[in-house]
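K.L.:
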Amino acid sequence: MENQNLNNPIIFFSVIQKKMEREEDKKSYLTSALIQIPPENEAVSNNGINEVRRKKIIWAEVKKQVWLAGPLTGVSLFQYSIQMISVMLVGHLGELPLSAASMASSFATGTGFSLLVSMSLIYIHVLCLFVFSLFFFLK
Numbered sequence: 445m446e447n448q449n450l451n452n453p454i455i456f457f458s459v460i461q462k463k464m465e466r467e468e469d470k471k472s473y474l475t476s477a478l479i480q481i482p483p484e485n486e487a488v489s490n491n492g493i494n495e496v497r498r499k500k501i502i503w504a505e506v507k508k509q510v511w512l513a514g515p516l517t518g519v520s521l522f523q524y525s526i527q528m529i530s531v532m533l534v535g536h537l538g539e540l541p542l543s544a545a546s547m548a549s550s551f552a553t554g555t556g557f558s559l560l561v562s563m564s565l566i567y568i569h570v571l572c573l574f575v576f577s578l579f580f581f582l583k
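Numbering (our numbering), first residue to last: 445 to 583.
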């Protein structure tokens, strides 16, 4: 009887939501803010000790975010610099080759965007397979 009720998507997702809520109760650290805001009476201090502590916390958070986003930023800069350098080198040949290289670079970038959109559709497919396999896991 219970397995047939899970065929209904509303019941299925409510069961998943209940299981996730139980897991969230166990792992409250996942939902807590990364930068903790001190109470108002601690925020104002005469000697600046809490201000130094606050700056250390913020600096630690900045380091974490740079560590996570640094590779992505670096890859984006290097990809853009490759396109820019290739167009600059072709620019020494004349106006017509420069315009052709610029248009080809723009076309390649647009085609790459289309490729990324198609890849995102593949990821959606993988996500659907994950949910489908989760359905059998709950049985």
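Note that beta-carbon positions come from the ideal geometry of N, C-alpha and C, so glycine has one too.
Computed from a predicted structure; not experimentally measured.
What is the DSSP secondary structure of His-536, counted as helix, strand or coil?
P.N.:
Position 92 of the sequence shown, counting from 1, holds the residue named residue 536. If DSSP states are grouped into helix, strand and coil, His-536 belongs with coil.
K.L.:
Would a C-beta distance cut-off of 8 Å place Ser-549 and Gln-527 closer than the cut-off?
P.N.:
To locate residue 549, count along the sequence shown from 1; it is residue 105. To locate residue 527, count along the sequence shown from 1; it is residue 83. Yes, the Cβ-Cβ distance between Ser-549 and Gln-527 is below 8 Å.
K.L.:
If I measure Cβ to Cβ from Pro-541 and keep anything under 7 Å in the same chain, skipping five residues before and after, which residues do I get?
P.N.:
Position 97 of the sequence shown, counting from 1, holds the residue named residue 541. Only Val-534 meet the Cβ criterion.
K.L.:
Whose C-alpha, out of His-536, Gly-538, Leu-565, Val-531, is nearest the C-alpha of Ala-552?
P.N.:
Here residue 552 is taken as the residue at index 108 of the sequence shown, counted from 1. Nearest of His-536, Gly-538, Leu-565, Val-531 to Ala-552, Cα basis: Val-531.
K.L.:
Could you tell me the distance, in whole angstroms, from the CA atom of Val-506 to the CA atom of Ala-513?
P.N.:
In the sequence shown, the residue the question calls residue 506 occupies position 62. In the sequence shown, the residue the question calls residue 513 occupies position 69. Distance between the alpha carbons of Val-506 and Ala-513: 10 Å.
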